[in-house]
Amino acid sequence: MILTHFDLENKIDFHLSRFYSLNFEDVNYMFKLVKELNAMVGGDSGEFALTDNLKNFKIADSVYVFSDYFNIDFNSKQIVNTIIKKLQSVSTDSDKQYKFNSIKNVIKDYVDDLLFDIDLPIVYDEIAEDMLIKSLKY
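Residue numbering for the sequence shown follows the working numbering, beginning at 1 and increasing consecutively.
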């Protein structure tokens, strides 16, 4: 993923394993850029562009800016959605699918047992993996 700004000559390539440090001679200009990036994260337009393999990404959907490392809101919608997407992407492994099917069978047996005890003819759908992942509390 590459982050660029039309006024800056350097781009930030997140594929590379390095720490980026930008040095600004004009503090006001740096604050202007940070404010613009924060505004774009909020959905406004701006001069930053985020790309990966020539595909453009919306800053508001792909970037989370935090400045207080000790006070990150892990319950924010954007962070939770990112966690869910990552979990769903790694859940396609055959070993993880086998584990999910085992868990699903245990849950099905448990729900069937509960329904038997209350003697109601309730029919339910099969447990979907994405619904299980989304039901987790983060």
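Where is the CB? At the ideal position from N, CA and C, for every residue including glycine.
None of the values given here were measured: they were computed from a predicted structure.
Please classify K77: does DSSP put it in a helix, a strand, or coil? Along the sequence shown, read from residue 1 onward, the residue named residue 77 stands at position 77. In this structure, K77 counts as helix in the three-state DSSP scheme.
Do L115 and I107 have their C-beta atoms closer together than 7 Å? For the purposes of this step, residue 115 is taken as residue 115 along the sequence shown, with counting starting at 1. For the purposes of this step, residue 107 is taken as residue 107 along the sequence shown, with counting starting at 1. No, the pair does not count as a contact, with Cβ atoms beyond the cut-off.
Three or more C-beta pairs under 8 Å: does that hold for the region 77-87 against the region 19-31? no
Looking at the secondary structure, which residues open and close the beta strand (DSSP E) in which D130 lies? As a first step, residue 130 is located in the sequence shown; it is residue number 130 there, counting from the start. Not the beta strand (DSSP E): D130 falls in the alpha helix (DSSP H), residues E129 to K134.
Which residues mark the beginning and the end of the alpha helix (DSSP H) in which L8 is found? The count along the sequence shown starts at 1 and reaches residue 8 at position 8. Careful: L8 lies outside any alpha helix (DSSP H) and carries neither H nor E.
First and last residue of the alpha helix (DSSP H) that includes D52? Stepping through the sequence shown from its first residue, residue 52 is reached at position 52. Where D52 is concerned, there is no enclosing alpha helix (DSSP H), although the beta strand (DSSP E) it sits in stretches over F48 to D52.
Closest by C-alpha distance to L8, when choosing among G42, F48 and F14: Position 8 of the sequence shown, counted from the start, is the residue given in the question as residue 8. Closest by alpha carbon: F48.
Going straight from the alpha carbon of L132 to that of V34, what length do you get? Against the sequence shown, residue 132 aligns to sequence position 132. Against the sequence shown, residue 34 aligns to sequence position 34. Distance between the alpha carbons of L132 and V34 is about 37 Å.
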